[in-house]
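Novice: Everything in the sequence shown is counted per this note's numbering, starting at 2 for the first residue and increasing by one.
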Amino acid sequence: MQVYDVVVLGAGAAGMMCAFEAGRRGKRVLLLDHGDRVGRKILISGGGRCNFTNIHAKAENFLSENPHFAKSALAGFTPAEFVALVEKHGIKYHEKTLGQLFCDDSARQIVAMLEKECAEAGVVTRCGVSVGAVRTHVSEARHGAPTFVVETSTGSFECGAVVVATGGLSIPKMGATAFGYELAKQFGHNVIEPRAGLVPLVFGVKDHERWCDLAGVAFDVVARAEMQTQRMLRGAKVPNFKERLLITHRGVSGPAVLQASSYWRPGGTVVFDVAPGQEVLRPLQARSSGRDWDALYAALRGVLPQRMAERWVRARADAGAGDWTNAGLEQMERELHAWAVKPDGSEGFVKAEVTVGGVDTNELDARTMESKRVPGLYFIGEVVDVTGWLGGYNFQWAWASGVAAGRALGHGE
Ligand code: FDA
Numbered sequence: 002m003q004v005y006d007v008v009v010l011g012a013g014a015a016g017m018m019c020a021f022e023a024g025r026r027g028k029r030v031l032l033l034d035h036g037d038r039v040g041r042k043i044l045i046s047g048g049g050r051c052n053f054t055n056i057h058a059k060a061e062n063f064l065s066e067n068p069h070f071a072k073s074a075l076a077g078f079t080p081a082e083f084v085a086l087v088e089k090h091g092i093k094y095h096e097k098t099l100g101q102l103f104c105d106d107s108a109r110q111i112v113a114m115l116e117k118e119c120a121e122a123g124v125v126t127r128c129g130v131s132v133g134a135v136r137t138h139v140s141e142a143r144h145g146a147p148t149f150v151v152e153t154s155t156g157s158f159e160c161g162a163v164v165v166a167t168g169g170l171s172i173p174k175m176g177a178t179a180f181g182y183e184l185a186k187q188f189g190h191n192v193i194e195p196r197a198g199l200v201p202l203v204f205g206v207k208d209h210e211r212w213c214d215l216a217g218v219a220f221d222v223v224a225r226a227e228m229q230t231q232r233m234l235r236g237a238k239v240p241n242f243k244e245r246l247l248i249t250h251r252g253v254s255g256p257a258v259l260q261a262s263s264y265w266r267p268g269g270t271v272v273f274d275v276a277p278g279q280e281v282l283r284p285l286q287a288r289s290s291g292r293d294w295d296a297l298y299a300a301l302r303g304v305l306p307q308r309m310a311e312r313w314v315r316a317r318a319d320a321g322a323g324d325w326t327n328a329g330l331e332q333m334e335r336e337l338h339a340w341a342v343k344p345d346g347s348e349g350f351v352k353a354e355v356t357v358g359g360v361d362t363n364e365l366d367a368r369t370m371e372s373k374r375v376p377g378l379y380f381i382g383e384v385v386d387v388t389g390w391l392g393g394y395n396f397q398w399a400w401a402s403g404v405a406a407g408r409a410l411g412h413g414e
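(1) Is it true that the CB of Ala185 sits closer than 7 Å to the CB of Ala224?
(2) For Trp390, which three-state DSSP category applies?
(3) Cα separation between Ala197 and Gly349?
(4) Would Trp400 and Met18 be called neighbours here (beta carbons separated by less than 7 Å)?
(5) Could you check whether the Cβ of Ser289 sits closer than 6 Å to any heavy atom belonging to the ligand FDA?
(6) Less than 7 Å between the beta carbons of Phe21 and Ala122, yes or no?
(7) Between the segment 355-370 and the segment 152-170, do at least 3 Cβ pairs fall closer than 8 Å?
(8) Is Phe63 helix, strand or coil by DSSP?
(9) DSSP three-state call for Val304: helix, strand or coil?
(10) Within the continuous beta strand (DSSP E) that includes His95, where are the two ends?
(11) Anyone know if the C-beta pair for Arg245 and Asp214 falls short of 7 Å?
(12) Look at the alpha carbon of Met175 and the alpha carbon of Arg312, and state the distance between them as a whole number of angstroms.
(13) Just to confirm before moving on: does the CB-CB distance between Val385 and Val360 stay below 7 Å?
(14) Given that a residue counts as buried once 16 or more other Cβ atoms are within 10 Å of its Cβ, and exposed if not, what is Asn62?
(15) Could you spell out the range, first to last residue, of the alpha helix (DSSP H) harbouring Val258?
(16) Just to confirm my understanding: we take Ala367, look at its own chain, exclude 5 residues before and 5 after, and list those with CB closer than 6 Å. What are they?
(17) Taking Cβ to Cβ, would you say Ala216 is nearer than 7 Å to Thr249?
(18) For Leu44 and Val351, I'd like the C-alpha separation in whole angstroms.
(19) Among Ser372, Trp390, Pro376, Asn395, which one has its Cα closest to the Cα of Glu383?
(20) Return yes when the Cβ of Leu365 is within less than 7 Å of the Cβ of Ala23, no when it is not.
(21) Look at Lys28 and Val8 and say whether their C-beta atoms are less than 7 Å apart.
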């Protein structure tokens with residue numbers, strides 16, 4: 002049996018970061034992945050340019066049953082520190098919007114950077130390895146200290162610590178598995194039910210018939226998922242997202258919808274303000290005549306694409322609207338700022354960018370990511386119940402939680 006100090010399961014963003022942080026501190030680290038190469042999600046991220054961080058990342062930009070959990074790790078490794086690493090490797094980058102940093106050239110540069118750091122830190126990386134059982138035992142090689150044995154398709158490894166960095170369930174064809182959740186449960190951890198996040202939403206039959214032939218139409222909205230119970234967020238606020246909405250063949254997508262989807266639960270409603278910050282019908286109210294469907298359409302054309310404006314007018318007419326009094330206009334104005342949609346579902350893990358939920362943070366140490374139940378067992382990255390907004394936040398969590406564990410593993414070196 003080969004002996005290592007640390008075995009990291011999953012060579013994605015979090016696993017690679019953790020591996021070289023521990024390796025740098027003198028630990029013998031083995032990094033395993035069942036895929037044919039490391040960092041596959043990084044390669045497809047940000048449209049191939051990897052939105053590798055967000056300069057505004059704070060704990061408020063993450064969902065978790067415990068909204069405070071991410072604070073310590075995020076403070077311990079900031080976006081500026083990741084940017085310094087990127088600059089050290091000469092990777093050119095730019096801010097696209099809202100603090101989102103992307104490579105100028107290619108996401109491949111981020112993977113190459115992490116591979117180089119791992120190699121320099123002496124990390125042994127093995128791809129194409131299936132991981133089987135992970136168990137604890139009392140080691141003779143370690144003078145009776147409790148250790149782990151990791152059984153794989155290329156033999157068994159003994160180690161003092163196991164880091165679970167196997168990610169979430171999104172994009173199964175990229176190698177996503179429930180392995181991390183199963184391992185957590187095996188060691189007595191609670192797992193907050195994983196569900197698809199940053200995912201397009203699917204309309205029911207009526208809304209589908211009403212809107213989906215407009216697929217491709219996009220406009221700015223403020224989106225907000227109405228939570229069914231406040232307990233779901235443990236007192237944290239449900240944010241408003243002012244970004245673009247895109248109508249699709251199945252429902253809605255676009256950044257505003259993806260953001261709201263992470264807060265949406267089956268049976269819940271998503272509310273869109275389709276004319277954020279504008280009083281669209283004020284010109285109609287200001288006049289006593291010429292209040293009719295044509296005037297409504299003209300006013301809507303100021304804020305919505307033509308096809309959406311036409312459809313909105315028709316939907317209002319079909320719903321029996323047409324009260325042109327001031328009260329009626331005020332009601333129509335309110336509807337523009339609160340278009341409530343009850344999606345039938347989401348496009349699921351096949352299309353989701355992230356997994357919401359995961360290993361319950363109550364049983365993890367927020368500074369080190371170590372299990373409070375099983376010393377030497379760590380969970381980092383997306384497998385943990387910490388999920389970022391769209392815009393570089395999820396990678397920042399992967400880096401920061403990976404560094405927190407890597408430093409803790411190398412403690413004293
Ligand atoms: P990650 O999924 O990266 O890595 C897990 C690794 O574990 C994988 O290599 C997998 O093969 C391996 N593994 C799984 N099961 C295993 C098993 N049983 N045995 C061995 N290995 C196993 N975020 C962001 O901040 N900016 C962005 O631009 C994007 N863009 C983006 C695009 C798309 C299409 C997706 C799907 C996702 C994003 N994300 C993103 C999200 C981001 O990719 C994600 O949050 C991080 O990759 C999570 O990092 P982890 O290391 O935790 O998991």
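Note that the Cβ used here is the ideal one computed from N, Cα and C, for glycine as well.
Small disclaimer: the values here were computed from a predicted structure and weren't measured.
Specialist: In this structure, then:
(1) Along the sequence shown, read from residue 1 onward, the residue named residue 224 stands at position 223. Along the sequence shown, read from residue 1 onward, the residue named residue 185 stands at position 184. Going by C-beta atoms, Ala224 is not nearer than 7 Å to Ala185.
(2) Taking the sequence shown and counting its residues from 1, one reaches residue 390 at position 389. The answer is coil: DSSP assigns Trp390 none of H, G, I, E or B.
(3) In the sequence shown, residue 197 corresponds to position 196, counting from 1. In the sequence shown, residue 349 corresponds to position 348, counting from 1. If I take the Cα positions, the gap works out to 6 Å.
(4) For the purposes of this step, residue 400 is identified with residue 399 of the sequence shown, where counting begins at 1. For the purposes of this step, residue 18 is identified with residue 17 of the sequence shown, where counting begins at 1. Yes, the pair counts as a contact, with Cβ atoms nearer than the cut-off.
(5) Counting from one through the sequence shown, the residue named residue 289 turns up at place 288. Annotation for Ser289 indicates a beta carbon at 6 Å or more from all heavy atoms of the ligand FDA.
(6) The residue labelled residue 21 in the question sits at position 20 within the sequence shown. The residue labelled residue 122 in the question sits at position 121 within the sequence shown. Closer than 7 Å, so yes.
(7) yes
(8) For the purposes of this step, residue 63 is taken as residue 62 along the sequence shown, with counting starting at 1. If DSSP states are grouped into helix, strand and coil, Phe63 belongs with the strands.
(9) Residue 304 sits at position 303 when you count from the first residue of the sequence shown. The answer is coil: DSSP assigns Val304 none of H, G, I, E or B.
(10) Within the sequence shown, residue 95 is the residue found at index 94, counting from 1. For His95, the enclosing beta strand (DSSP E) starts and ends at 94-96.
(11) Along the sequence shown, read from residue 1 onward, the residue named residue 245 stands at position 244. Along the sequence shown, read from residue 1 onward, the residue named residue 214 stands at position 213. No, the pair does not count as a contact, with Cβ atoms beyond the cut-off.
(12) As a first step, residue 175 must be located in the sequence shown, where it is residue number 174. As a first step, residue 312 must be located in the sequence shown, where it is residue number 311. Our two residues, Met175 and Arg312, have alpha carbons roughly 39 Å apart in a direct line.
(13) Mapped onto the sequence shown, residue 385 falls at position 384. Mapped onto the sequence shown, residue 360 falls at position 359. Yes.
(14) Against the sequence shown, residue 62 aligns to sequence position 61. Buried, by the Cβ-count rule.
(15) As a first step, residue 258 must be located in the sequence shown, where it is residue number 257. Per DSSP, Val258 belongs to the alpha helix (DSSP H) from 256-262.
(16) Stepping through the sequence shown from its first residue, residue 367 is reached at position 366. Taken in chain order, the residues that qualify are Phe70, Ser73.
(17) Translated into positions along the sequence shown, residue 216 becomes position 215. Translated into positions along the sequence shown, residue 249 becomes position 248. For Ala216 and Thr249, yes; Cβs fall inside 7 Å.
(18) As a first step, residue 44 must be located in the sequence shown, where it is residue number 43. As a first step, residue 351 must be located in the sequence shown, where it is residue number 350. Each residue's Cα considered, the two are about 17 Å apart.
(19) Along the sequence shown, read from residue 1 onward, the residue named residue 383 stands at position 382. Comparing C-alpha distances from Glu383 to each of Ser372, Trp390, Pro376, Asn395 shows the shortest one belongs to Asn395.
(20) Against the sequence shown, residue 23 aligns to sequence position 22. Against the sequence shown, residue 365 aligns to sequence position 364. Contact: no.
(21) Your numbering for residue 28 matches position 27 in the sequence shown. Your numbering for residue 8 matches position 7 in the sequence shown. No. Outside cutoff.
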